[in-house]
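Encoded as structure tokens, the structure appears first; notes follow it.
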Amino acid sequence: MNINDDVVKELVSKAIDAREHAYAPYSEFLVGCAALGSDGKIYTGCNIENVSYSATNCAERTAIFKGVSAGCLSFEAIAIMGARKEEKPGLCYPCGVCRQVLAEFSADEGLKIIIAKNIAEYKITTLDALMPFAFVEF
Ligand code: THU
642 MNINDDVVKE LVSKAIDARE HAYAPYSEFL VGCAALGSDG KIYTGCNIEN
692 VSYSATNCAE RTAIFKGVSA GCLSFEAIAI MGARKEEKPG LCYPCGVCRQ
742 VLAEFSADEG LKIIIAKNIA EYKITTLDAL MPFAFVEF
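In the working numbering, the protein residues as written are 642 to 779.
In structure tokens form, the structure reads like this:
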């Protein structure tokens, strides 16, 4: 799938919107995500924290699991925007657990990862670059 500038901007914009729903009363670190499925649909997610801490779900997994539960098992690109409440966003890279989940559902041609500060400032990398030699079969 061709991930051109317009697609990238749409994903970043949807990630920023999804961040509005972040439930993060403990860390106050709000994350939003938008994942482009190989079915052409965009699945969004936010982080959802829990008083137990360990039951917290990251924004990336929320978005991917929404897609998978709707029947989409492959993703081409994902945009992520995360920052503390009221603070200027830096670059928020996916955690190790999310990288493992992204590896499970990455498109065969790979997964583009767009790390956004805002609609105009973002960095594009790949899951391969963030997680070489991933465990994807046994
Ligand atoms: N978090 C995400 O949702 N995605 C990331 O890429 C990094 C961390 C969340 C988990 C937790 O709710 C908060 O950010 C602080 O770790």
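Where is the CB? At the ideal position from N, CA and C, for every residue including glycine.
{"query": "Alpha carbon to alpha carbon, what distance is there between residue 688 and residue 700?", "result": "4 Å"}
{"query": "Is the CB-CB distance between residue 721 and residue 756 below 8 Å?", "result": "yes"}
{"query": "Can you say whether residue 714 is buried or exposed, counting buried as having 16 or more other CB atoms within 10 angstroms of its CB?", "result": "exposed"}
{"query": "Should residue 664 be labelled buried (16 or more other beta-carbon atoms within 10 Å of its own) or exposed?", "result": "exposed"}
{"query": "Have a look at 718, 684, 737 and flag the residue whose alpha-carbon is nearest the alpha-carbon of residue 645.", "result": "718"}
{"query": "Looking only at DSSP bridge pairs, what is residue 766 linked to?", "result": "754"}
{"query": "Would the region 679-699 and the region 651-665 be scored as touching if the rule is three or more Cβ pairs under 8 Å?", "result": "yes"}
{"query": "Compare the C-alpha of residue 709 against each of 682, 673, 733, 731 and name the closest.", "result": "682"}
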